[in-house]
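The sequence shown: position 1234 = 1233 (numbering that gives the first Met the number 0), numbered continuously.
A short worksheet on the structure shown next.
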Amino acid sequence: MKAPTATYQDNQTTKNYAPAALTARQPTMDKDMDRNPAELRLLPTQRHASASSASPDLRFNKARRRRREVAAPLGHSNAHSKSNPNRNPLVVEYRRSYRVLVVTALLVSLAASFVTLSAGFQLDGSQNSFYTFRKWYTGLNGTLELEFKTEQPNGLVLYTDDGGTYDFFELKLVEGALRLRYNLGGGAQIITVGRELHDGHWHKVQVLRNDEQTSLIVDGVSQQRSAKGKEFQFGKFASNSDVYVGGMPNWYSTKLALLALPSVIFEPRFRGAIRNLVYADQPGGSTRRQEIKQPRDIKCGDVPCDHGEMQARERPLRGVRGNTTDACERNDPCQHGGICISTDSGPICECRNLEYDGQYCEKEKAPSEATFRGTQFLSYDLGQTGAEPIVSAQDAISFYFRTRQPNGLLFYTGHGTDYLNLALRDGGVSLTMGLANGKQEMHIKPSKVRFDDHQWHKVTVHRRIQEISSITSFCRLVTVVDDVYTDHSHIAGKFTMLSSSRVYVGGAVNPRALLGARVHNNFVGCLRKVEFSADTLNLNLIDLAKSGSKLIQVAGNVEYQCPSGDPQDPVTFTTRESHLVLPPWETGKQSSISFKFRTKEPNGIIVLATGSKQPRAKNPVLIAIELLNGHIYIHLDLGSGASKVRASRRRVDDGDWHDLILRRNGRDAKVSVDGVWNDFRTPGDGTILELDGHMYLGGVGPAYNTIAWPAAIWTATLRQGFVGCLRDLQLSGKPIDIAAFARVQDSASVKPSCHVQSNVCNGNPCLNGGTCLEGWNRPICDCSATLYGGPTCGRELATLAFNGSQHMTIWLGNGQGTKTQTEELVIRFKTSRPAGLLLLTSAESNSPDRLEIALVAGRVRASVRLSDREKNLLAGQSVLNDNNWHTIRFSRRASNLRLQVDGAPPVRAETILGRHSTMEIRSIHLGGLFHAEEEIQMTSTMPNFVGQMQGFIFNGQRYLDIVKSLGPELSALPSATFKLTARFVNSPAGQPYHAATFRSKHSYVGLAMLKAYNSISIDFRFKTVEPNGLLVFNGGRRNDFVAVELVNGHIHYTFDLGDGPVTMRDKSRIHMNDNRWHQVSIRRPGPKTHTLTVDDSFEIISLTGNNMHLELAGILYIGGVFKDMYSKLPASISSRSGFEGCLASLDLGDTSPSLTSDAVVPSSLVVSGCEGPTKCSQNACANRGVCVQQWNAYACECDMTSYTGPTCYDESIAYEFGNNKGMLQYTFPENAQADTEEDNIALGFITTRPDAVLLRVESATTQDYMELEIVEGNIFMVYNIGSVDLPLGEIGTKVNDNAYHVVRFQRKGGNATLQLDDYNVQALTPQSHHSTVFNTMSNVQVGGKFSRNGRNRIERPFAGVIAGLSVNKLRILDLAVERDPHITIRGDVQLVTGVLDRNDLQRMQQTPASGYPGALDDLIFSGAGSGCRGDDEDECTPPFESGSGDDLITPVYVPPTKQTTTSQQGNNLSTGGVVGGSGNTNGTERACDDEDCVHGSGDYGETTEQFTSTSTARGSESNNEVVTITTTGRSDVTTEQQQHSSSSSSGSTPFYSTTQSSSSSSGGGSGSTPGQSSTTSSAATPSTQRATSSSTSTSTSTTTTTTTTTTTQATPSPEIRSTVTERETTPYDVYIAGGGMGGSGRSHDHDRMQLPDEHHPMPPLPPPLPPQDPPPYGPYGGNTYNTNLNNYRPKGKGGRINSIEEERTAMIIGIVAGILIAVVLVILLVLWLKSNGDRGYKTESEKAAAYGSHNPNAALLGNTSTNGSYHQQRQHHHQGGGAGQQQHHHSQQQIHNGHNGNGGGGGMMSSGSGSLGYGSDGRPQMAGLVQPKAKKRDSKDVKEWYV
């Protein structure tokens, strides 16, 4: 049977291969079902299309013959149609039939061809998915072609070989690349071509052979290799295998010897489509399209396949089904990653996840595991059969192991001299690797962690080859144990692939003979899920061995399972509080218990089990085993009486293993320790031991446990648990797996292993003079003689102060009391009184039992009274009331008493005290004895204590620490109740210990699991400048966890015991990220009580849940977690980064680990000691980037700079907008259209257009908008947030100069600021009520704005470059580069790079800005400003000319003070003080924006300048003139005054002033002193004059001239109001003066004037002009003066005039001058009104209605309408006057290459009406006065509106 190849013809291949393809015949579905399903993988659409294609063709041919038969009669039908009407219906019917048949045939053929061309052979990738084709005759120059399409990155595409000898061709996808591996007898060769070929598109593949050369071509990309050897014939055609496509037949798995490359059987199968498989299948034959091979021709090895014996699961044809319903699409039942395959019988699940099985992959398979006992191992050796090794560019080894043996071979793989040897050595994981000539070795053995603890550990090894050059490669090696302990390594050498021909698992015949061997014995233990993967290959070696794969050889009798538990497994109790709880021990008349133990600590309870008291029994039944003073004691009570027997004859606390066996039969019992038996008998008549309570091993649990025990068990009374190892526990002959209990209970405190650590006191871990004692694997620090406590005596002790009327009372057992035979206490005191009661216990009222510790005559007395007997001890050789700290230690063991003070020899006594020496204690009193209900002192022979106490410990309980941790909730514990009237002393914190610095937010260390099963105790100190970061995290089983994090500068403590997460937060008033040390203490004093103390802030919470245990797992992370773990943290944890700063004084219960030396997961970014934070330096961030302080570094925020990079120095993404109009638009997603109360916009741009829109932000629901635009070369931002348009701009500098400019706009509510480059900050503060929220920001238009009539036309398009656009930290141009779907680009817009370099421009600031954020470094040049812009470079003085000495001025650093927020204060706007000159510093004045200052009503706000930098400026040395700027207070208008005086000695010295604001200044002069009125200071001295603008300014030879200012207001009616006001002024130094010195009226950027200096002397000025009639007002308040603000800088704070007399003189002169000027102004006003009284005024009432009558900015874009757009312009009429300036006919009038914009040099008048100048006809004219010809209003009027 041949496949219907006609169904997959295409235009390309039909031309060559159609004859063979047209012979296909389609079988029926019934026959197909009996054939090999592996050969039939056509989709239903293919099969049905193919089957139906023959029938329509047959019907078509028959119809054509019929049509030919009737053609002749029909030829005469036209003539005989009327005579033969009976034939016409038949003809018509025939024609209809023909047409239907033709159309049907065409449609069917086209459909079949389309389906085949688009789909090809489909493979579903299941375990039985493959195709078999005829053999490929390769010869010496054979070719093979195919096309494939898939979305899977890995899969076997094609394989064929020579029948199992050497030669093979393997074609497969590896991570999206196509790899051809072949062998022609001389060794395997590999060719890899392409990448990301799993993109779902068709790819054409060609394999070309030419003798030894073989080429692989993928989509036209070719690579070739040369085979080695002399014979290049591919096998023998007769014995060669078939060609397998998509996978291999499963029968090969049992006949691997028939494969030249056995590993191919394990390759993942191809999932996708393959078509047009073309090659030659006969010797001498031509290439042709191949067909699926018939099942009867397929052989399984040397014999035909038995299709009747095929697996039932293989027989249904999964890829073909009769129905068209996809069961998988309708209902996919597969679970756990199973692949659903649709069949006629329903969906079938292919379980790809090897851990699950079942019909729907719903069952979790038992893990593949095996037990090795030293002689068993698994292996394979491909070299024995001559097969090719497994080669790969990367491989991975992963498995789990469990063992008690410290050494053993785990895994080995290699080929030739290359190897990888993985073993267990000395309890750590050892790995050695050899590759080419390089060798590498690593040993993972964390501190205090061993892997031979009989616990499951996971090992993962990953290797990857990366080609460095054509001859050198790089192999990276990574080894990870338990997903935590990691080591990295690498080797470079001459290798290309990793090879594996041999593998050993668990051992070898001779492990020491293996390459890289570091151990000499095989592994003993269990292995689980041993997987070896090489590129696409994945081998589960234990599964293969278990299933009998021919690949794996099994040595010895391997058991494929591991025992669940082993009673021999030991456990280690690590603390006195650690314990295990076992079920009740079922005992009776006979019972026995045995175990082995080892320890070095002399005291501890080992076993305690109790039962209920029987009705007629004397006591509750009990059995207990304790270690006391190094000996074993047995306690046994059958209810009729207790017996206590010492079982050991010698001490057993020597660290060796000891055996204990206890057997009883009724009352008779015997005990053996190390084989020495001792018999004893219990008293009374009780014979049955009925224990119904839990059995406790190793301890009695936390202090709040309610378990009861008799007073005779001293270690239980003293809360001394057993610390050591225990194993082989048997109860009545039944082994108990105590390690299993440890794993599910307190696995942190009870370790399921036993190892010995010696010399734990080396290095003296105890601090502050503490004494170190050797414990079991732990140091025990005795801190009783120090002022400190904690595990290593590092934490300050809680100290109580008593004044004689204060006390502390403790009620034990909630008032029920307790009975003891032993007491042990420590107390420290300090006093100056010789007598006082320190401690007193009390019992019931009818019991005389008591213990008293008191100070008597300067010595310590201990008094014990039991019943009627009393014993006193006196200690202390010196006087102890010396106001120094002293330590008292007292202990009682029944009748043995011991008292010791400080380091003196103890005082001992032994006496019989009462019956059984039992004391009843109900309460403990410290400092005095008070009545329980009344605050009155009870009768006592001793006075109350006056002094301080600390370090009080009673029977193991640190009561002072407990009380301090409870805060005010003193009744929160079930085990004790407290009352406190004494006060805690806030002692100064000591030095932090074990400090470590976390240098990065991505750093962390790992410690051993936190011991918090029953209680929790965490103390640490930290300091940082970062507000957020994860400090502590330990995950757990189920949902349990504990975490401490810093959130917005406050500590959050979050935990979950299984009842849901609970978060506690500190209530401190300060933020903790203040670079100061802060103390954090976390406690769990009760089962449901949790406390958090942060410095002096205390929080307590009581829970109501039922879970009592915190079941943690894994390691304790300190300072963060690894980055992939943050997304997996519980939702209640907000941290997404780690802690950066210092962490110290970490105490975790009974340990004080070092974060560096004790870390089980160390980090190179965590170092010892506390390194101070790296502060933002003066050169931190360039281009005004904001330096953000971090701990070990700083970061630069570049959003408002237009630059990018780590220091805001790199160029940002830039787009060029061409002259043909273009726009870039960003549309906010609907869920991201925010309402903003603050907006921050910044961008850089280059343009030559004087009018354009840079950016427009619009609202989706309102008329709110923001528009950044250029008007007449000036930059403006106009915004509307619900009321009116508010303009804000910089009119002093042209931006259309083809230079790079940066503009920054910030809005907060209605207030806004705008700054261009380094110029002054322009501020706008609306005075009336305005909305503060920009509603529903919807889109940002860049490069223009859309026409309001439609979205097709772009208005006012921008032409130039825009770079680094940031809108509220959204980098829109970056999104455009990333092809964000919300970006739309229209028109002439393209991405550009190297904008600044391309235009040969200097950066705004080539070096990073000095100082902190906001600081500026300016290089100021005298005479030339910041640079010469003249056309002729000879006119300019070189700024860095050597020897000038005066050109380069020292930069001045400005501290990083926050920008002062403008605030209203009376009628003056506070701008935070003006820098420069001797201006006002009282904060009540504001600088005028422009020389044209307009007084407004305040309805629409004030525009102010905020000066962000200062400079040092040098004045003219060759001229004795000073140019001074005077700026009035709020909305005052300054009038330019020029005064001319002549002198015979000094000549004429001109004086002139103007109103300018700038960020740079030069020249001399001084401003007015606070308290003066509108003062303009000038100086005329023949000497050199200098002025320094910094914090102070010095001026010499200063005279004062009073200037009268004119205030002009705009009113709704066309009337002029002129008022004279006297206000304080702020002076500014002028760097360039234009106007009256020959400058143009409206100058260009290069029309700059240079102040006179030694290179450019100032020419003499003409005499003043006589008063002339002013011309009529113009329609706009334009400015005819050079407004380039780049040349001005505000003066610094100035000094006083030399004396008070001079001040008074100056004041009088100022008043007189003001009066004179006022008279002149009145005269000019009268003359002007008389000559222009008939002039008409044009008023637009709608503008006044829209803006009000007093808005200084109310004339922008008058040709547009309302609703948030520009409004029509309202005319403003102002009145001004003053002395003009006569035009001089000499060439000296035009200074420094200036030219007249209006035909001549004009004067300037700094008033609201504009400036006074000269027109082209030589007549004087006033800018801003109405001209006869009205000017058309357009978008350029924004400047006039603003000024």
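Think of the CB as a built atom: it goes at the ideal place given N, C-alpha and C, for glycine as much as any other residue.
**Report entry** Complete runs of the beta strand (DSSP E) confined to the segment 1211-1266 [at least 3 residues]
**Finding:** 1213-1226, 1237-1246, 1251-1258
Requested in this report: Could you name the residues of the same chain whose beta carbon sits closer than 6 Å to that of Arg527, not counting the 5 residues immediately before and after it, in chain order?
Outcome: Pro366, Glu368, Tyr399
**Report entry** N- and C-terminal bounds of the alpha helix (DSSP H) containing Ala1375
**Finding:** 1371-1376
Query raised in the report: Contact check, Gly692 vs Ala784 under 8 Å by CB: the rounded distance?
Result: Not confirmed; about 40 Å, so no contact.
Query raised in the report: To the nearest whole angstrom, what separates the beta carbons of Gly683 and Leu637, a pair I think is in contact under 8 Å?
Result: 7 Å
Query raised in the report: How about Ala395 and His461: do their beta carbons lie closer than 7 Å?
Result: yes
Query raised in the report: Pairing CB atoms from the segment 1297-1313 with CB atoms from the segment 1237-1250, are three or more of them under 8 Å?
Result: yes
Requested in this report: Please classify Asp1209: is it buried, with 16 or more other beta-carbons within 10 angstroms of its beta-carbon, or exposed?
Outcome: With fewer than 16 neighbouring CB atoms inside 10 Å of its own CB, Asp1209 falls in the exposed class.
Query - Endpoints, the alpha helix (DSSP H) within which Asp960 is located - result: 958-965
Query raised in the report: Would Asn322 be called buried (16 or more neighbouring beta carbons within 10 Å of its own) or exposed?
Result: Note that Asn322 has pLDDT 44, beneath the 50 cutoff, so the model's placement of it is unreliable and no number is given.
Requested in this report: Classify Leu179 as helix, strand or coil using the three-state DSSP reduction.
Outcome: Residue state, collapsed to three classes: strand.
Query raised in the report: In angstroms, rounded to a whole number, what distance separates the CA positions of Thr770 and Pro790?
Result: 11 Å
Query raised in the report: Just how far apart, CA to CA, sit Ser1850 and Ala1311?
Result: Nothing about residue 1850 can be reported from this structure: the residues present for the chain run from 0 to 1842 only.
Report task. Give the straight-line distance between the Cα atoms of Asp1430 and Arg1355, rounded to the nearest whole angstrom. Result -> Low confidence applies here, because Asp1430 scores a pLDDT of 39, under 50, leaving its location unreliable and the question unanswered by this model.
Requested in this report: For the alpha helix (DSSP H) containing Thr714, list its first residue and its last residue.
Outcome: 713-716
Query raised in the report: Is the beta carbon of Tyr379 less than 7 Å from the beta carbon of Leu170?
Result: no
Report task. Measure from the alpha carbon of Arg648 to the alpha carbon of each residue in Asn664, Arg662, Leu627, then state which is nearest. Result -> Leu627
Query - Residue ranges of each beta strand (DSSP E) within the segment 150-208, 3 or longer - result: 154-160, 167-173, 176-182, 187-192
Query raised in the report: Which of helix, strand or coil does DSSP assign to Ser671?
Result: strand
Requested in this report: Apply the 10 Å Cβ neighbour rule to Met1063 and answer buried if 16 or more other Cβ atoms are within range, or exposed otherwise.
Outcome: buried
Requested in this report: Would you decide whether Asn1319 is buried or exposed? Buried here means 16 or more other CB atoms lie within 10 Å of its CB.
Outcome: By the neighbour-count criterion, in which a residue is buried when 16 or more other Cβ atoms sit within 10 angstroms of its Cβ, Asn1319 is buried.
Report task. Would you mind stating whether Thr1392 and Glu1170 have Cβ atoms separated by less than 7 Å? Result -> no
Query - Ser214 beta carbon near the ligand PLP (any heavy atom closer than 6 Å) - result: Absence of the ligand PLP from the depicted structure is noted, as is the absence of any ligand whatsoever, leaving it without description.
Query raised in the report: With C-beta atoms as the reference, is Val900 less than 7 Å away from Gly875?
Result: yes
Query raised in the report: Cβ of Pro1286 within 7 Å of Cβ of Gly1272?
Result: Not a contact, by the Cβ cut-off of 7 Å.
Query raised in the report: Got a sec? Which residues, its chain only, sit under 6 Å from Ala1213 by beta carbon, not counting five neighbours each side?
Result: Val1360, Ala1362, Val1391, Val1394
Requested in this report: Give, in chain order, every unbroken run of the beta strand (DSSP E) that is at least 3 residues long and sits entirely within the segment 541-612.
Outcome: 552-554, 570-572, 579-581, 589-597, 603-609
Query raised in the report: Hey, Asp1065 and Ile1050: beta-carbon distance below 7 Å or not?
Result: Annotated as proximal: Asp1065 and Ile1050, with beta-carbon spacing under 7 Å.
Query raised in the report: Glu150: buried (16+ other C-beta within 10 angstroms of its C-beta) or exposed?
Result: exposed
Requested in this report: Work out the CA separation of Ile1716 and His1773 for me, nearest whole Å.
Outcome: The predicted model places His1773 with a pLDDT of 38, which falls under 50 and marks its position as unreliable; any figure quoted below should be read in that light. Their backbone Cα atoms lie some 18 Å apart in a straight line.
Query raised in the report: Can you tell me whether DSSP reads Trp676 as helix, strand or coil?
Result: strand
Query raised in the report: First and last residue of the alpha helix (DSSP H) that includes Ile737?
Result: 737-743
Query raised in the report: Between which two residues does the beta strand (DSSP E) harbouring Tyr1003 extend?
Result: Tyr1003 -> no beta strand (DSSP E), and no H or E assigned at all.
Query raised in the report: Do the CB positions of Val204 and Val217 come within less than 7 Å of each other?
Result: Between Val204 and Val217, the C-beta spacing is below 7 Å.
Query - Cβ shell of Gly1849 (< 6 Å), same chain only, five flanking positions each side left out - result: Residue 1849 lies beyond the range of the chain shown here (0 to 1842); nothing can be said about it.
Query raised in the report: What is the DSSP secondary structure of Arg982, counted as helix, strand or coil?
Result: strand
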